[in-house]
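See below for the structure under consideration.
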Amino acid sequence: MKQSMVVLLVGALLLTAAAHASAGSPQSTSFVIQVYSDGSSLLTQKLAVPSASASVEIPLLSEVLSNVVATDQNGSPLSFKISGSNITVYTLGATQVTLIYDTQSLTNKTGTVWSLIFVTSYNTTVILPKYSTLSYVSGTTYSLSVQEGSPTVTIAPGAWKLSYGVSAGTGGPGGTTTQGGGPFGIVIEIGSGASLLVVLVAVGAGGFLAFRWWRGRLDLGAQGKDLRQDDVQVLGFIREKGGKVLEPEIRTRFALPKTSAWRQIKRLERMGFVKVTKIGSQNQIELLKNGEPGA
484 MKQSMVVLLV
494 GALLLTAAAH
504 ASAGSPQSTS
514 FVIQVYSDGS
524 SLLTQKLAVP
534 SASASVEIPL
544 LSEVLSNVVA
554 TDQNGSPLSF
564 KISGSNITVY
574 TLGATQVTLI
584 YDTQSLTNKT
594 GTVWSLIFVT
604 SYNTTVILPK
614 YSTLSYVSGT
624 TYSLSVQEGS
634 PTVTIAPGAW
644 KLSYGVSAGT
654 GGPGGTTTQG
664 GGPFGIVIEI
674 GSGASLLVVL
684 VAVGAGGFLA
694 FRWWRGRLDL
704 GAQGKDLRQD
714 DVQVLGFIRE
724 KGGKVLEPEI
734 RTRFALPKTS
744 AWRQIKRLER
754 MGFVKVTKIG
764 SQNQIELLKN
774 GEPGA
């Protein structure tokens with residue numbers, strides 16, 4: 484009888500432990516690496532989390548990171564603790580976690596060729612700098628495309644190396660060079676030597692139409708005449724997102740390096756079109772209308 488009770492007790496403990504382990508296992512639903520022309524990367528990962536979990540542990544792609552933000556499904560900040568190449572997020576009943584962080588450690592440059600090298604445990608989408616040219620991928624990808632001027636690669640879990648070039652004319656909203664100049668796209672060698680050629684030429688008409696459309700929808704006041712095309716597009720994006728966004732959202736949407744995005748945001752703030760407030764370690768940008776909150 485005692486032996487049976489011991490067996491039942493051990494079984495119950497094992498089931499409880501298994502249930503707890505399962506409850507703490509997040510499922511990645513989206514993982515995006517946005518690479519910028521200065522070699523920095525913005526990583527955004529979304530995970531489904533069992534509501535019974537008090538915390539989840541997530542592997543990081545680098546131990547060298549900054550501007551870490553974790554939020555729940557409502558955008559509310561979550562506490563976290565970083566230990567080496569892992570982060571523990573205290574979910575406390577959340578059903579979704581969005582993890583955002585910056586790193587400079589995934590890329591290196593030899594001559595004019597940049598390389599992005601990393602190991603991922605998840606299906607991952609890599610977005611290279613706008614108007615760059617992808618030249619090498621170390622394995623077979625799920626998909627290759629060019630989206631809004633950025634070579635975009637979707638890959639499986641594993642170790643990866645991508646090589647690409649960024650031309651001197653590469654620019655974007657807030658940058659110092661002209662927008663949409665020169666050919667770009669994918670001229671790629673995959674793994675052992677199979678090659679795929681996709682060359683596209685940027686056309687500025689789409690951006691101009693977006694500029695005209697947003698200028699017509701936004702109440703820009705007298706100062707609106709001083710706005711650049713990319714300024715209007717950023718303001719339109721903020722309005723599209725409900726009037727408030729975090730700085731990384733602007734950087735991701737317009738493929739901007741951190742310094743370029745910050746210069747543009749501060750310029751719009753000086754002109755009275757946005758207000759910048761600190762949310763944790765990130766900046767929140769709120770759209771203003773004639774100097775008052777709301778759009």
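In the numbering used here, the protein residues as written are 484 to 778.
Using N, Cα and C, we set each Cβ at its ideal position, and we do this for glycine too.
Problem - Same chain only: Cβ atoms within 7 Å of S545, ignoring 5 sequence neighbours per side - result: Here residue 545 refers to the residue found at position 62 when the sequence shown is read from its first residue. Counting only Cβ-Cβ distances below 7 Å, and skipping sequence neighbours, we find T586, S588, L589.
Exercise for the section: Report the partner residues of T637 according to the DSSP bridge assignment. Expected result: Indexing the sequence shown from 1 puts residue 637 at position 154. Answer is T608, S626, bridged to T637.
Exercise for the section: Taking V532 and P509 to be in contact with their CB atoms under 8 Å, please state how far apart those CB atoms are, rounded to whole angstroms. Expected result: Sequence index remark: in the sequence shown, residue 532 carries index 49 (1-based). Sequence index remark: in the sequence shown, residue 509 carries index 26 (1-based). Their Cβ separation, rounded to whole angstroms, is 5 Å, which keeps V532 and P509 in contact under 8 Å.
Practice task
Alpha carbon to alpha carbon, how far is T574 from K541? Give it in angstroms, no decimals.
Solution key: As a working mapping, residue 541 is identified with position 58 in the sequence shown. As a working mapping, residue 574 is identified with position 91 in the sequence shown. Correcting the residue type first, residue 541 is Ile in the shown sequence and not Lys. Rounded to the nearest angstrom, the two C-alpha atoms are 12 Å apart.
Problem - Per DSSP, cross-strand counterpart(s) of W597 - result: Within the sequence shown, numbered from 1, the residue matching residue 597 stands at position 114. W597 is bridged to K592, Y647.
Problem - 8 Å Cβ cutoff met for T527 and T735 - result: For the purposes of this step, residue 527 is taken as residue 44 along the sequence shown, with counting starting at 1. For the purposes of this step, residue 735 is taken as residue 252 along the sequence shown, with counting starting at 1. Result yes, Cβ atoms of T527 and T735 sit closer than 8 Å.
Practice task
Measure the CB-CB distance between V552 and G763 and report whether it falls below 8 Å.
Solution key: Counting from 1 along the sequence shown, the entry for residue 552 is found at position 69. Counting from 1 along the sequence shown, the entry for residue 763 is found at position 280. Yes. Within cutoff.
Handout entry: Simplified DSSP assignment, three categories, for V717
Key = Numbered from its first residue, the sequence shown carries residue 717 at position 234. Here V717 sits in helix by DSSP.
Handout entry: Three-state class that DSSP yields for A688 in the structure shown
Key = Counting from 1 along the sequence shown, the entry for residue 688 is found at position 205. With a pLDDT of 40 at A688, under the threshold of 50, the modelled position of that residue is not reliable, and no figure is offered here.
Practice task
Within its chain, find whatever has a CB closer than 6 Å to the CB of N569; leave out the 5 residues flanking it on each side and keep chain order.
Solution key: As a working mapping, residue 569 is identified with position 86 in the sequence shown. Result list for N569: E540, P542, in chain order.
Handout entry: Endpoints, the alpha helix (DSSP H) within which L729 is located
Key = Indexing the sequence shown from 1 puts residue 729 at position 246. From DSSP, L729 is part of no alpha helix (DSSP H) but of the beta strand (DSSP E) over 727-729.
Problem - Between the CA atoms of D714 and K761 - distance to the nearest angstrom - result: Within the sequence shown, the letter at position 278 stands for residue 761. Within the sequence shown, the letter at position 231 stands for residue 714. If I take the Cα positions, the gap works out to 21 Å.
Practice task
Rank Y619, G648, T607 by C-alpha distance to the C-alpha of G594 and give the top, closest one.
Solution key: As a first step, residue 594 must be located in the sequence shown, where it is residue number 111. Looking at the Cα atoms, G648 is the closest of the given residues.
Problem - Nearest-angstrom Cβ-Cβ length linking G632 and Y619, presumed shorter than 8 Å - result: Reading the sequence shown from its first residue, position 149 is the one you call residue 632. Reading the sequence shown from its first residue, position 136 is the one you call residue 619. With 8 Å as the limit, G632 and Y619 do not qualify as a contact, their Cβ atoms being about 20 Å apart.
Problem - CA-to-CA distance, S524 to P612, given in whole angstroms - result: Here residue 612 corresponds to residue number 129 of the sequence shown, with the count starting at 1. Here residue 524 corresponds to residue number 41 of the sequence shown, with the count starting at 1. When rounded, the distance between both Cα atoms is 10 Å.
Exercise for the section: Please work out which residues of its chain come closer than 7 Å, Cβ to Cβ, to A639, disregarding the five sequence neighbours upstream and downstream, and give them in chain order. Expected result: Locating residue 639 in the sequence shown gives position 156, where the first residue counts as 1. Answer for A639: N606, Y625, listed in chain order.
Handout entry: Selection from L771, F720, L599 that minimises the alpha carbon distance to A642
Key = Your numbering for residue 642 matches position 159 in the sequence shown. Checking every option, the nearest Cα to that of A642 belongs to L599.
Exercise for the section: Determine the contact status of P731 and I610, defining contact as a CB-CB distance below 8 Å. Expected result: Locating residue 731 in the sequence shown gives position 248, counting from the first residue. Locating residue 610 in the sequence shown gives position 127, counting from the first residue. Against a cut-off of 8 Å, the Cβ pair of I610 and P731 comes out as no contact.
Problem - S536 - containing beta strand (DSSP E), residue span - result: To locate residue 536, count along the sequence shown from 1; it is residue 53. Unbroken run through S536: none, as it is neither H nor E.
Practice task
Starting from T742, trace the alpha helix (DSSP H) both ways and give me its first and last residue.
Solution key: Locating residue 742 in the sequence shown gives position 259, counting from the first residue. Looking at the DSSP string, the run of the alpha helix (DSSP H) that includes T742 is 741-753.
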